[in-house]
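Asker: In the UniProt record's numbering, the protein residues as written are 1 to 140.
Glycine included, each C-beta is placed from N, C-alpha and C at the ideal position.
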Amino acid sequence: MTDQFLLLKDHLAKLYSQNPFVTLLQIEIVKLQAGTAELSMPVISNKHTNLYNMAHGGALASLADTAMGMACATTGKKVVTLDMNLNYIRSAECQQAITAAATLIHNGNQTMVAETDIFDGMGNLLVKARATFFVTGSFL
1 MTDQFLLLKD HLAKLYSQNP FVTLLQIEIV KLQAGTAELS MPVISNKHTN
51 LYNMAHGGAL ASLADTAMGM ACATTGKKVV TLDMNLNYIR SAECQQAITA
101 AATLIHNGNQ TMVAETDIFD GMGNLLVKAR ATFFVTGSFL
């Protein structure tokens, strides 16, 4: 890793730790590399769940969006989501954590595209998502 990427990584970690929505959902950064991000989120009853006591689709969508946005941010670009598509494969029961693994698949000057898979603690695929992002500026 270059010194510039390490600086960016520290900057992103600080920004995300101060983000009120990320804090509310208890999303944590597991690993960042150029073009990829791995984030985790607990599935807590009465916080992240629907009326069936399973992970709420909105909480899963927020984790997916945050992970893909972070994968874009590892390039040093600030982005906002233009559109996002999610396929819910399997329900997530209350448990300690689920993990989103996001990868950048298009790194353009004006738009970026990323995808993410969300897994439960047993490695079961819960969600596949893809999103297009608009580049608004750069970090640092």
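Tell me, which residues are paired with Val135 by DSSP?
Answerer: One-based indexing of the sequence shown puts residue 135 at position 135. Answer by DSSP bridge pairing, in chain order: Val79.
Asker: Just the Cα atoms here: how many angstroms apart are Gln33 and Ala13?
Answerer: If you number the sequence shown from 1, residue 33 lands on position 33. If you number the sequence shown from 1, residue 13 lands on position 13. Approximately 12 angstroms, taken between the alpha carbons.
Asker: Taking its Cβ as the centre, do 16 or more other Cβ atoms sit within 10 Å of Tyr52, making it buried, or is it exposed?
Answerer: Taking the sequence shown and counting its residues from 1, one reaches residue 52 at position 52. Exposed, because fewer than 16 other Cβ atoms sit within 10 Å of the Cβ of Tyr52.
Asker: Given this structure, state the Cα-to-Cα distance separating Thr132 from Asn109, to the nearest angstrom.
Answerer: If you number the sequence shown from 1, residue 132 lands on position 132. If you number the sequence shown from 1, residue 109 lands on position 109. The straight-line gap from Cα to Cα measures roughly 13 angstroms.
Asker: Kindly indicate which three-state DSSP category Leu32 falls into: helix, strand or coil?
Answerer: As a first step, residue 32 is located in the sequence shown; it is residue number 32 there, counting from the start. Residue state, collapsed to three classes: strand.
Asker: Would you list the residues sitting across from Tyr88 in a DSSP beta bridge?
Answerer: Residue numbering aside, residue 88 sits at position 88 when the sequence shown is read from its first letter. DSSP output for Tyr88 lists Val127 as bridge partner(s).
Asker: Taking His56 as the reference, give the member of Glu93, Gln26, Asp65 and Thr81 with the closest Cα.
Answerer: Your numbering for residue 56 matches position 56 in the sequence shown. Among Glu93, Gln26, Asp65 and Thr81, the Cα nearest to that of His56 belongs to Glu93.
Asker: For Ala129, which residues from the same chain have a beta carbon less than 6 angstroms from its beta carbon, with the 5 sequence-adjacent residues on both sides left out?
Answerer: Residue 129 sits at position 129 when you count from the first residue of the sequence shown. Cβ neighbours of Ala129 beyond the five flanking positions: Ala64, Leu86 and Thr116.
Asker: Are the Cβ atoms of Leu125 and Ala114 separated by less than 8 angstroms?
Answerer: Here residue 125 is taken as the residue at index 125 of the sequence shown, counted from 1. Here residue 114 is taken as the residue at index 114 of the sequence shown, counted from 1. The answer is no: Cβ separation not under 8 angstroms.
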